[in-house]
Amino acid sequence: MPGGRSANKHLGKPARQLLFLEALRQTRAPSPAPQEHPTNQSRTMADISQGATMDCILQEISAVGHRLEGMDSMMTSQTEDTKSMPLDIAGFQSRVTTLEQRVTTVETQSAIASDRDQELLYLRSKVIDLEDRSHRDNVRFLGFPEEIEGADVQSFHKNNLPQLTGLTFDPPWSFKEHKDWIRMTADFSKETSERRKAFLALRPRLRQLEIKFGLFEPARM
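Position 49 of the sequence shown, counting from 1, maps to 49 under UniProt numbering, and the rest follow consecutively.
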């Protein structure tokens, strides 16, 4: 400006130099950064905080999703197992039914076998009784040597046992022949003879006690 230039002309050289340096300093000095409005700054912080919160929420949702996928897989496996359970139960029921039928069959057969055992015992006792009755008129001779009667048993009896020729005699039913005692006993069946032998151990004791005893037909004391 003319006025400025004229004014500077009136200043001395040192003053002009000071003004030049001040102007240069102001020119090189960094301009202060524009200050943001407090409201805008708070909005920025809120946006940052909200973004971080959303990230956390998304991470949690992702983790929950993975867990749900695992649970879904487990539920699918359990569903398959549940579907196969009726088949397993049906198989068990079939086996139980088969076992029950077998047990019933065994019980029935056991009952039949028990009845048959009782029947066999009864029939055996009848057979023994019939055998004893058929031998009732027989006489058993004990004490003869083996094969002493030869081929003609009847002649041997007539020659050695006069009683068989029609002669009668009274007990005792034993006599001595050729230095051996010949005894005559009733001809019982094997089973009846064994039953009668069971009383042999009692006889000495009964004699000591002077108790009269005897064996009734066929083997009853």
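The C-beta atom is built at its ideal place from N, Cα and C for all residues, glycine as well.
Quick caveat: nothing in here was measured; it's all calculated off a predicted structure.
C-alpha distance - residue i paired with residue j, whole-angstrom precision
| i | j | result |
| --- | --- | --- |
| residue 205 | residue 199 | 11 Å |
| residue 86 | residue 69 | 27 Å |
| residue 98 | residue 117 | 28 Å |
| residue 201 | residue 207 | 11 Å |
| residue 171 | residue 138 | Low confidence applies here, because residue 171 scores a pLDDT of 48, under 50, leaving its location unreliable and the question unanswered by this model. |
| residue 89 | residue 112 | 34 Å |
| residue 95 | residue 103 | 12 Å |
| residue 65 | residue 55 | 15 Å |
| residue 77 | residue 67 | 15 Å |
| residue 81 | residue 53 | 42 Å |
| residue 79 | residue 106 | 41 Å |
| residue 110 | residue 126 | 24 Å |
| residue 84 | residue 92 | 13 Å |
| residue 73 | residue 100 | 40 Å |
| residue 209 | residue 203 | 10 Å |
| residue 57 | residue 71 | 21 Å |
| residue 133 | residue 195 | 16 Å |
| residue 30 | residue 60 | Low confidence applies to residue 30: its pLDDT is 49, below 50, so where it sits in the model is not reliable, and the reading given next is rough at best. One C-alpha to the other measures close to 48 Å. |
| residue 122 | residue 114 | 12 Å |
| residue 119 | residue 213 | 33 Å |
| residue 165 | residue 144 | Confidence at residue 165 is low in this model, with a pLDDT of 47, below 50, so its placement is unreliable and no value can be given for it. |
Opening and closing residue of the beta strand (DSSP E) in which residue i lies
| i | result |
| --- | --- |
| residue 140 | 139 to 142 |
Proximity of residue i and residue j at Cβ, strictly below 8 Å
| i | j | result |
| --- | --- | --- |
| residue 193 | residue 128 | no |
| residue 156 | residue 149 | yes |
| residue 187 | residue 124 | no |
Extent of the continuous alpha helix (DSSP H) to which residue i belongs
| i | result |
| --- | --- |
| residue 194 | 190 to 197 |
| residue 145 | Careful: residue 145 lies outside any alpha helix (DSSP H) and carries neither H nor E. |
| residue 206 | 202 to 208 |
Closest by C-alpha distance to residue i, when choosing among the options
| i | options | result |
| --- | --- | --- |
| residue 191 | 79, 212, 130 | 130 |
| residue 197 | 210, 215, 209 | 215 |
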